[in-house]
Ligand code: ZN
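Residue numbers (our numbering): 3 to 425.
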């Protein structure tokens, strides 16, 4: 562990620390930002005696933060800001998170914890493939590696051939990426005759997109690595809110820094452990943009608050199933793109790239699933995929398109999995 004093803290002491830091966070909001104070119904740290008292506070949404662009919810003086990161949302006003010096240190610490949870130490060489810029990924992986003392290959996004060359030239042991990027690496490696067995790379840390278990095992098999699922978002202070450890029995959330609740997204009611709902995050150690009960839109469940076999005591959540925003509704049935992905990735004949297209044809919803294939597939493939889709949704896809490899667009950053033409 990088900070065992926090990572393996006994639960009673951990709860005490959470209460202390939550009160401090509320005091900071009250002292620095009158409109934010009003937004939390003028409540103060006096409300907090037990950790459950957080439920007295209202929920905050992405739209609240958007309306506050750029510094409406900031709780430090602008002269204290070192830099900001911006949410990568596709539409509308962006969300800005300004970081103070302490925020950058907090980020470096939790990211170093994540690296150690994935088995790294200061001897490792880390290749950082997310971009360095408004998107938080590049810098987050950078600060963590620097805090740990590992060697950094700061290549950033794109240039896939050069990425492969650097893996070899710099004897990289760990690669970090947006979850769909490893598939692109594999694709280019195959074309160029690059052999992952010939390089020391053995750890991958991926996140920022929902990736199914099936895609995960595909990446692990093709690259010959062990992968770790990292979570976090610009609003919470960037990547590094949590990661799974080598036991791979859920994602540890750094509870001394983040208080997590799961709610029913319809009613806002807090759900018991084990039940699936929307993750709510309260930050306990952030200055620039502290969050009180922020709706992340991520769907997950708390799977355990018991100590893990790795020795860490922080609670564990299930791998993210989807974002509320990504939820698709066709013919009245709700589902996540990752569920279609699971069906496709189970079949080794099918390629790594797919796209779901939804449109209205003659007034009714129509679902097309396009997927690249490595080889010609017969009508049996079509009927078996559609049978699985029927089992899941209660209706068949209107069309299944099996396309030659490299037909679907490759875009920098997050993959475009869904095209909804109804809007
Ligand atoms: Zn663990």
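Glycine residues also receive a C-beta, built at the ideal position from the N, C-alpha and C atoms.
4 or more residues per run - each alpha helix (DSSP H) lying fully within the stretch 125-187: If we require 4 residues or more, the alpha helix (DSSP H) runs fully inside the stretch 125-187 come out as 139-150, 162-171.
Residues proximal to the ligand ZN by C-beta, any heavy atom closer than 5 Å: Listed by position along the chain, the residues with Cβ atoms less than 5 Å from a non-hydrogen atom of the ligand ZN are 247, 249, 310, 312, 314.
Ordered list of alpha helix (DSSP H) runs contained in the stretch 368-398, each at least 4 residues: Within the stretch 368-398, the complete alpha helix (DSSP H) runs of at least 4 residues are 381-395.
Status (buried if at least 16 other CB within 10 Å, exposed otherwise) for residue 99: Along the chain shown, read from residue 1 onward, the residue named residue 99 stands at position 97. In summary, residue 99 is buried, with 16 or more beta-carbon neighbours lying within 10 Å of its beta-carbon over all protein chains present.
Inter-residue CB distance, residue 316 and residue 254 (contact presumed, cutoff 8 Å): Position 314 of the chain shown, counted from the start, is the residue given in the question as residue 316. Position 252 of the chain shown, counted from the start, is the residue given in the question as residue 254. Contact holds; Cβ gap of about 5 Å.
8 Å contact criterion, which residue 142 and residue 240 should meet: CB distance rounded: Taking the chain shown and counting its residues from 1, one reaches residue 142 at position 140. Taking the chain shown and counting its residues from 1, one reaches residue 240 at position 238. Right, their Cβ atoms sit about 4 Å apart.
Anticipated Cβ contact below 8 Å, residue 448 with residue 235, distance rounded: With the chain running from 3 to 425 in the structure shown, residue 448 is simply not present.
For residue 217, three-class secondary structure by DSSP: On the chain shown, position 215 is the one that residue 217 refers to. Of the three classes helix, strand and coil, the one that applies to residue 217 here is helix, per DSSP.
Unbroken stretches of the alpha helix (DSSP H), 4 residues or longer, contained in the stretch 318-361: The stretch 318-361 contains these whole alpha helix (DSSP H) runs: 339-347.
Proximity below 7 Å, CB of residue 367 to CB of residue 332: One-based indexing of the chain shown puts residue 367 at position 365. One-based indexing of the chain shown puts residue 332 at position 330. In this structure, the beta-carbon distance from residue 367 to residue 332 falls below 7 Å.
Nearest-angstrom Cα separation, counted from residue 79 out to residue 58: Along the chain shown, read from residue 1 onward, the residue named residue 58 stands at position 56. Along the chain shown, read from residue 1 onward, the residue named residue 79 stands at position 77. About 28 Å.
Start and end residues, alpha helix (DSSP H) containing residue 305: Position 303 of the chain shown holds residue 305. No alpha helix (DSSP H) holds residue 305; the beta strand (DSSP E) holding it covers 304-306.
Residue 352 and residue 375 closer than 7 Å at C-beta: Taking the chain shown and counting its residues from 1, the one referred to as residue 352 is at position 350. Taking the chain shown and counting its residues from 1, the one referred to as residue 375 is at position 373. Contact flag set, yes.
Residue range of the unbroken alpha helix (DSSP H) whose run includes residue 31: The residue labelled residue 31 in the question sits at position 29 within the chain shown. Per DSSP, the continuous alpha helix (DSSP H) segment holding residue 31 begins and ends at 13-34.
Assigned secondary structure, residue 314 (DSSP; H/G/I helix, E/B strand, else coil): Translated into the one-based positions of the chain shown, residue 314 becomes position 312. Of the three classes helix, strand and coil, the one that applies to residue 314 here is coil, per DSSP.
Burial state of residue 250, where buried means 16 or more other Cβ atoms lie within 10 Å: Along the chain shown, one-based indexing puts residue 250 at 248. The residue in question, residue 250, is exposed, as its Cβ has fewer than 16 Cβ neighbours within 10 Å.
Opening and closing residue of the alpha helix (DSSP H) in which residue 68 lies: Numbered from its first residue, the chain shown carries residue 68 at position 66. For residue 68, the uninterrupted alpha helix (DSSP H) segment begins and ends at 64-69.
Closest by C-alpha distance to residue 373, when choosing among 152, 395, 408, 364: By 1-based counting over the chain shown, the position of residue 373 is 371. Residue nearest to residue 373 within the set 152, 395, 408, 364 is 408 (criterion: CA-CA distance).
Length of the line joining the Cα atoms of residue 270 and residue 284: Reading the chain shown from its first residue, position 268 is the one you call residue 270. Reading the chain shown from its first residue, position 282 is the one you call residue 284. One C-alpha to the other measures close to 15 Å.
Nonlocal neighbours in the same chain, by C-beta distance under 7 Å from residue 146, ignoring five residues either side: As a working note, residue 146 is residue 144 in the chain shown. In its chain, beyond the 5 residues on either side, 110, 113, 114, 116, 117, 242 have a beta carbon closer than 7 Å to the beta carbon of residue 146.
Contacting residues, own chain, Cβ-Cβ under 6 Å from residue 362 (five flanking each side not counted): As a working mapping, residue 362 is identified with position 360 in the chain shown. Correct list, in chain order: 424.
Residues sharing a beta bridge with residue 8, DSSP: Counting from 1 along the chain shown, the entry for residue 8 is found at position 6. DSSP lists no partner for residue 8.
Close-in-space but distant-in-sequence residues of the same chain around residue 347 (CB under 7 Å, 5 per side omitted): Indexing the chain shown from 1 puts residue 347 at position 345. 214, 216, 217, 220, listed in sequence order.
Span of the beta strand (DSSP E), counted from its first residue to its last, around residue 73: Locating residue 73 in the chain shown gives position 71, where the first residue counts as 1. Unbroken run through residue 73: none, as it is neither H nor E.
Expected contact under 8 Å - CB spacing of residue 384 and residue 402 to nearest Å: Here residue 384 refers to the residue found at position 382 when the chain shown is read from its first residue. Here residue 402 refers to the residue found at position 400 when the chain shown is read from its first residue. Residue 384 to residue 402, Cβ: 5 Å. Contact.
Whole-angstrom C-beta distance between residue 323 and residue 212, which should lie under 8 Å: Position 210 of the chain shown, counting from 1, holds the residue named residue 212. Position 321 of the chain shown, counting from 1, holds the residue named residue 323. So it is a contact: roughly 7 Å between Cβ atoms.
Residues sharing a beta bridge with residue 98, DSSP: Locating residue 98 in the chain shown gives position 96, counting from the first residue. Residue 98 is bridged by DSSP to 88.
Residue from 151, 144, 223 whose Cα sits closest to the Cα of residue 126: Looking up residue 126 in the chain shown gives position 124. Residue 151 holds the alpha-carbon nearest to the alpha-carbon of residue 126 among 151, 144, 223.
Status (buried if at least 16 other CB within 10 Å, exposed otherwise) for residue 382: Here residue 382 corresponds to residue number 380 of the chain shown, with the count starting at 1. Around the beta carbon of residue 382, fewer than 16 other beta carbons lie within 10 angstroms, which makes this residue exposed.
Beta strand (DSSP E) runs wholly inside the stretch 255-289, at least 3 long, in chain order: Counting whole runs of 3 or more residues, the stretch 255-289 contains the beta strand (DSSP E) stretches 260-265, 279-285.
Those residues which DSSP pairs with residue 404 across a bridge: Mapped onto the chain shown, residue 404 falls at position 402. Residue 404 is bridged to 373.
Limits of the unbroken beta strand (DSSP E) element including residue 118: Numbered from 1 along the chain shown, position 116 holds the residue referred to as residue 118. No beta strand (DSSP E) holds residue 118; the alpha helix (DSSP H) holding it covers 103-119.
Which of helix, strand or coil DSSP assigns to residue 2: With the chain covering 3 to 425 only, the question about residue 2 has no answer from this structure.
Contact set for residue 257: own chain, Cβ-Cβ below 7 Å, skip 5 residues either direction: Taking the chain shown and counting its residues from 1, the one referred to as residue 257 is at position 255. The answer, listed in chain order, is 16, 20, 316, 317.
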